[in-house]
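In our numbering, the protein residues as written are 165 to 407. For glycine and all other residues, C-beta sits at the position ideal for the given N, C-alpha and C. Just so you know, these numbers come straight off a predicted model, no measurement behind them.
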Amino acid sequence: MKTLRPSIPMLVACALVALPSVAGATTMHPFSLSELTYVADLVVEAEVEQVEVERQVGAEYLMTVATLRLTRVVKGAAIEGDRVLVREWGGLLNGERTELPSAPVYVQGERVLVFLEQENRPDPLWRTVGLVQGKWTLIDEPGTGRDVALKVANDRATPRFVETDVVLPAVRVYCDDLVSVVAADLSVEHVPAYVRIPGVPEWKDARFKEQAEAAGQTIDSRWTAVRASIRDHQAAVDAQGGE
165 MKTLRPSIPM LVACALVALP SVAGATTMHP FSLSELTYVA DLVVEAEVEQ
215 VEVERQVGAE YLMTVATLRL TRVVKGAAIE GDRVLVREWG GLLNGERTEL
265 PSAPVYVQGE RVLVFLEQEN RPDPLWRTVG LVQGKWTLID EPGTGRDVAL
315 KVANDRATPR FVETDVVLPA VRVYCDDLVS VVAADLSVEH VPAYVRIPGV
365 PEWKDARFKE QAEAAGQTID SRWTAVRASI RDHQAAVDAQ GGE
């Protein structure tokens with residue numbers, strides 16, 4: 165099994181929100197629901213219709229592309245019935261497994277509430293904001309018909325998700341309650357405090373920073389070092405002809 169260990173290039177590709185430490189490791193920034201809402205280009209409820217594992221030309225690691233059919237749109241330019249492709253690091257193919265800690269795993273048949281952003285590339289692919297933080301699995305609550313929103317650690321080897329196999333906790337978070345908070349933030353155009361998110365285009369990062377400053381939010385100075393590292397990496401890539 166191959167396990168991806170995040171580095172600056174990997175952060176650029178995955179949009180991992182992390183701060184550098186003296187040991188060179190990374191610590192994921194804990195997103196609030198308001199931050200997920202603000203960063204996401206698309207907030208939807210959806211059903212996972214298909215999951216395919218791919219290896220891009222010349223790539224060492226596997227990636228997985230999940231086809232999501234939208235059943236409810238909370239934020240974004242989409243309508244119910246649309247399908248979006250969500251690509252995440254990791255996969256299982258012909259006995260080979262690639263894992264990225266904290267990467268979300270989508271399983272066919274699973275119903276989800278997800279916060280997505282579009283990848284900075286020409287093809288129309290999406291990724292989950294904040295890795296597993298931007299994905300909830302929805303489970304029907306017997307007797308009430310309400311959807312319970314859970315963080316489920318899916319196994320990549322599972323061929324199809326079965327809701328009835330999931331044991332619901334005694335204390336439950338409901339999807340409609342989460343959506344109500346998202347809708348409230350959208351209605352007042354809430355802008356959270358700015359943090360630098362590796363992997364987003366420079367124009368999008370500049371917009372985040374400008375809007376946070378205009379809203380009177382504090383700018384986290386720790387992200388200056390991360391931004392410099394990303395720009396240094398991109399400059400090195402450009403110098404090698406984009407390889």
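In the DSSP assignment, PHE279 forms a beta bridge with VAL207. In the three-state DSSP reduction, VAL215 falls in the strand class (E or B). Beta-bridge partners assigned by DSSP to LYS239: VAL207.
Listed in chain order, the non-local C-beta contacts of VAL343 below 6 Å within the same chain comprise VAL238, local neighbours out to five positions each way being set aside. Closest in C-alpha terms to GLU252, from the list ARG236, GLN282, THR382, THR201, comes GLN282. As DSSP reads the structure, ALA313 sits in a beta bridge with LEU302. The beta carbons of THR201 and ASP340 sit about 15 Å from each other, so the pair does not count as a contact at 8 Å. The beta carbons of ALA204 and LEU280 sit closer together than 8 Å. For LEU289, there is no enclosing alpha helix (DSSP H); the enclosing beta strand (DSSP E) has its first and last residue at 289 to 292.
Within the DSSP secondary-structure output, ALA230 pairs in a beta bridge with VAL215, VAL250. Inclusion of LEU232 and VAL217 in the CB contact set at 8 Å is not warranted, their separation being larger than that value. In the three-state reduction of the DSSP assignment, TYR358 falls in the strand class. Residue burial annotation: LYS315 is exposed, with fewer than 16 other C-beta atoms found within 10 angstroms of its C-beta.
DSSP places LEU257 within a strand segment (E or B) once states are collapsed to three.
Only residues of its own chain outside the window of five on either side were considered, and among them TYR338 have a CB closer than 6 Å to the CB of ARG310, listed in chain order.
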